[in-house]
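Visitor: Protein sequence lines, in the order shown, are assigned to chains A and Z. With this note's numbering, letter number 189 in the first sequence gets 189, and the count goes up by one each step, no holes. With this note's numbering, letter number 110 in the second sequence gets 1110, and the count goes up by one each step, no holes. Don't be surprised by glycine CBs; every beta carbon is placed ideally from N, CA and C.
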Amino acid sequence: MELELVMTAVGNVFEPETFITMIVGVVLGVLIGALPGLTATMGVALLLPLTFGMAPLPGLLVLISVFFGAIYGGSIPAILLKTPGTPAAAVTVIDGYELTKQGLGGRAMSISIVSAVFGGLFSTTVLILVAPQLAQVALRFNSPEYFALALFGLSIIISLSSTASLSKGIMVGLFGILISMIGVDPIIGVARFTFGNINLLGGLSFIPILIGIFAFAQVLVMIEELFMGKRSDPPMKIKSVFPRLSDLNRCKWTMLRSATFGSLMGAMPGVGADISAYISYNEERRWSKHRENMGNGEIAGVAAPETANSATAGGSFIPLLTLGIPGDAVTAVILGALVMQGVRPGPALFTEQRELLYSIFSGMIVSNLLLLVVAFIGLRFFIKILSIKKEFLIPAVVVLCVIGAFAINNNIFDVWVMLIMGFIWYAVGKFGFPQSPLIIALILGPMAEREFRRSLVLSNGSYSIFWESPIVVVLVTLAMITLFMPVLKPIFLKIFKPAKPASNGGQDNE
Amino acid sequence: MKIGSILATLCFMILGAVFFVLAGDLASGSGGDVGAGFFPRAISVLMIICGISIIMGEVRKNSPELFFNSFITKSILMGLISVAYVFFMELLGFVIATPIYIFAYLLLLDQRKMLMNTLYSVCVTAVVYYVFRELLNVRLSVSFLGI
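This is the structure in structure tokens:
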């Protein structure tokens, strides 16, 4: 019965409509990732409206394929131009560009492809093995547990997204929760903060805000860079693109370590591919046999971040599919796509929509394999794409932003929302206010309020419902620790750091 | 970035204060529910506290006072042209407004190859029209001329 389900699921993925859209998705994803200025989130957000007319499976798999493609695609300019195509490829620049300077760009590119595919396949396997078990635990969740989970998700995303300032990350998260309350109250059903505007009764639409802050704001940044005269040099030519056995052998343990790190970190909400790549590279500098060469054109220095960032991409589906909690901004978009397609992520997906779930799993494996083929065959073409002038890209992206925002509800109001949020985030982004907490807060904020109030209705106003469940106590404690860790860490270090022995003036006591 | 950060933070705090006041008029709950105004008020208070923390941090910092430069101004002006595009798209329709917008944008970004600009503007419009109107059945703006 289980085997029959798996065979059906695999068959669904190889239906012509689904398979062809996956190929298109991978190609588009690599292109989007390869073009500096376009990000994976932007690509997935802009393509989301296109999936509305599709059946659920091809619609979801095209976005997933774009995601995997874009995460890999960012490594192309990182290695060849010293410019990461996506934030996730920032660490790949270190050794990747060094290899290009030494005339070994082709080897770096080939190991980057293999690492990305290995990371994606590894994390998808982890997802398939772990997700059903986690879904079993989630079946026991009730309103208090969902509230605690939302709180935990919010705390991680806020604390990890705010690299410059914890307070600014918290402020953005709170802003996201506040504007998510515009619309109709989830329990009583009264209108809140609509100012009599019928367009606000349904709340602020999530997708236009996403397109605004990730795509339109990014366009404004690209325009600014153009005026500043920031242009990339044309990419260097590369020779062979097929991997050497010696390179694969050199990087085998690197890839395994980084895939494990990446999958684990992807499963934690808030840890994006960029953080994962950085941590993995750092760990590789600690554990690798070739650590002395790291930073000077070490092939393992390309393999580590590339494996980790792709593994994070796959790992981020664990909390998404089992708990309905997006792991990062891209999975937040995919959550939006799931909801629009009538798919409810969470334990119900594992009991009521198993064929679709297994089809998604199969699709993730197939899209990684497609990436392997597409990346090797199309690499020279993708490199040529790097020469496209930003001047041509910018107006086309703006048109896509406008029409994409409009297409959600066929409502021009959504376009104004998109533009306003884009301008706001272009401005506040300059002052260190991060983007990611806003999107996650828009999703988790309403969940937190709804489940908090439902819990109180269940308990007739008694707050003791929140500490009766051990799961709630653990999650809330973790949330508090995560939120206050940046403040607590220096205090702990001061208390527990061993005192330095007193200096003896440099004399030996013999 | 000090003044800019402080101004942005003040805007967030003012927004929080406005929502706090408006939430006072919302229905209270029953049967254990805290009511429609509880969460907005709690979040607003947290925003104000957070804002005070950010402002104190910014005042203590010795960071550069970058606020606006000519590149940012130009970028905002180009962004406002996109706003004009949306406005005119409602009047002139997608098919007319979009190629004009793309062509004008390319000129403003110093691309002076007229034939290339024209071809590109028309092609992008055609592709987007086909994908959204024909394939996805999205109703695009139509002008008073019916196109």
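Can you list, in chain order, the residues of its chain whose CB lies under 8 Å from that of A/Pro501, leaving out five sequence neighbours each side?
Guide: Per-residue confidence for A/Pro501 stands at a pLDDT of 47, beneath the threshold of 50, marking its modelled position as unreliable; the derived number appears in the next sentence. Nothing meets the Cβ criterion.
Visitor: With 8 Å set as the bound, which would you pick, yes or no: does the beta-carbon of Z/Gly1024 sit closer than that to a beta-carbon of chain A?
Guide: No, Z/Gly1024 does not count as interfacial toward chain A.
Visitor: Distance, Cα to Cα, Z/Cys1123 vs Z/Ile1102?
Guide: Straight-line Cα distance between these residues: approximately 10 Å.
Visitor: Using beta-carbon positions only, say whether A/Ile439 and A/Ile64 come within less than 8 Å of one another.
Guide: Their beta carbons are not under 8 Å apart, which means A/Ile439 does not touch A/Ile64 by this criterion.
Visitor: A/Pro16 versus chain Z: which residues are under 8 Å apart at the beta carbon?
Guide: Under the 8 Å cutoff, chain Z gives no residues; its nearest Cβ is about 16 Å from A/Pro16.
Visitor: What residues match up with A/Ala191 in a beta bridge as DSSP calls it?
Guide: Partner(s): A/Val184.
Visitor: Are the CB atoms of Z/Val1131 and A/Leu50 nearer to each other than 8 Å?
Guide: Yes; because the gap between Cβ atoms is below 8 Å, this pair is in contact.
Visitor: Enumerated in chain order, which unbroken segments of the alpha helix (DSSP H) with a length of 4 residues or greater are wholly contained in the region 333–372 of chain A?
Guide: Fully enclosed alpha helix (DSSP H) runs of 4 or longer: 347–352.
Visitor: For A/Ser503, which of helix, strand or coil comes out of DSSP?
Guide: Unreliable positioning characterises A/Ser503 in this predicted model, as indicated by a pLDDT of 45, which lies under 50. A coordinate reading is not provided.
Visitor: Secondary structure at Z/Phe1138, three-state DSSP: helix, strand or coil?
Guide: Inspection of the sequence shows that residue 1138 of chain Z is occupied by Val rather than by Phe. Residue state, collapsed to three classes: coil.
Visitor: Measure from the alpha carbon of A/Gly110 to the alpha carbon of each residue in A/Val172, A/Pro144, A/Leu3, A/Tyr72, then state which is nearest.
Guide: In the sequence under discussion, the amino acid at residue 110 of chain A is Ser, which differs from the Gly named in the question. A/Ser110 has its Cα closest to that of A/Tyr72, out of A/Val172, A/Pro144, A/Leu3, A/Tyr72.
Visitor: Tell me the DSSP bridge mates of A/Gly103?
Guide: Answer is none; A/Gly103 lacks a bridge partner.
Visitor: Among A/Glu449, A/Thr254, A/Thr322, A/Ala148, which residue has its Cα nearest to the Cα of A/Arg291?
Guide: Closest option to A/Arg291, Cα to Cα, is A/Thr254.
Visitor: Would you verify that the beta carbon of A/Met171 is, or is not, closer than 8 Å to some beta carbon of chain Z?
Guide: Answer yes: the Cβ-Cβ gap between A/Met171 and chain Z drops below 8 Å somewhere.
Visitor: Strictly by DSSP, which residues pair up with Z/Gly1093?
Guide: Answer is Z/Val1142, bridged to Z/Gly1093.
Visitor: Alpha carbon to alpha carbon, what distance is there between A/Arg250 and A/Ile385?
Guide: Taking the straight line from one Cα to the other gives about 31 Å.
Visitor: Please determine if the region 184–191 of chain A and the region 204–220 of chain A are in contact, where contact requires at least 3 C-beta pairs separated by less than 8 Å.
Guide: Contact between the region 184–191 of chain A and the region 204–220 of chain A is absent, because fewer than three Cβ pairs lie under 8 Å.
Visitor: Tell me whether the beta-carbon of A/Ser464 lies closer than 8 Å to the beta-carbon of A/Pro144.
Guide: For A/Ser464 and A/Pro144, no; Cβs fall outside 8 Å.
Visitor: List, in chain order, every chain A residue whose beta-carbon is nearer than 8 Å to that of Z/Lys1074.
Guide: Correct list: Ile223, Glu224, Phe227.
Visitor: Pairing CB atoms from the region 264–281 of chain A with CB atoms from the region 322–336 of chain A, are three or more of them under 8 Å?
Guide: Segments in contact, yes.
Visitor: What ranges does the alpha helix (DSSP H) occupy inside the region 1005–1087 of chain Z, keeping only unbroken runs of at least 4 residues that lie completely in it?
Guide: Correct list: 1038–1060.
Visitor: Could you have a look at A/Leu419 and say whether DSSP puts it in helix, strand or coil?
Guide: Helix.
Visitor: Beta-carbon within less than 6 Å of A/Ile412's beta-carbon, same chain only, minus the 5 sequence neighbours each way: which residues are those?
Guide: Taken in chain order, the list of residues that qualify is empty.
Visitor: Give me the Cβ distance between A/Val302 and A/Leu458, rounded to the nearest whole Å; I'm assuming they're in contact under 8 Å.
Guide: 53 Å between Cβ atoms; not a contact.
Visitor: Spatial neighbours of A/Leu444 within its chain, please: C-beta separation below 6 Å, excluding the five flanking residues on both sides.
Guide: For A/Leu444, where only same-chain residues beyond five positions count, the Cβ hits under 6 Å are Ala150, Gly153, Leu154.
Visitor: Rank A/Ile299, A/Trp287, A/Asn199 by C-alpha distance to the C-alpha of A/Leu248 and give the top, closest one.
Guide: Answer by Cα proximity: A/Ile299.
Visitor: Identify the contact partners of Z/Ile1102 in chain A, using a Cβ-Cβ distance below 8 Å as the criterion.
Guide: The contacting residues are Pro395, Ala396, Val399.
Visitor: For A/Met268 and chain Z, any beta-carbon pair shorter than 8 Å?
Guide: It does not: the Cβ of A/Met268 has no partner Cβ on chain Z nearer than 8 Å.
Visitor: When you compare only the Cα positions, how much space is there between A/Leu475 and Z/Gly1024?
Guide: Straight-line Cα distance between these residues: approximately 31 Å.
Visitor: So, does the CB of A/Phe413 fall closer than 8 Å to a CB anywhere in chain Z?
Guide: No, A/Phe413 lies away from the interface with chain Z (no Cβ there is under 8 Å from its Cβ).
Visitor: I want to verify the contact list: residues of chain Z whose CB lies under 8 Å from the CB of A/Ile403, in sequence order.
Guide: Under the 8 Å cutoff, chain Z gives Phe1094, Val1128, Phe1132, Val1138, Leu1140.
Visitor: Is the Cβ-Cβ distance between A/Ser258 and A/Glu284 less than 8 Å?
Guide: The answer is yes: Cβ separation under 8 Å.
Visitor: Note down, in chain order, each residue of its chain lying with its Cβ closer than 6 Å to the Cβ of Z/Leu1140, except the 5 sequence neighbours on either side.
Guide: Phe1094, Arg1133.
Visitor: Would you grab the beta carbon distance between A/Val511 and A/Tyr281 for me? Rounded to a whole angstrom, and I think it's under 8 Å.
Guide: Summary: the structure shown does not reach residue 511 of chain A, with chain A confined to residues 1 through 510, and so no result is reported for it.
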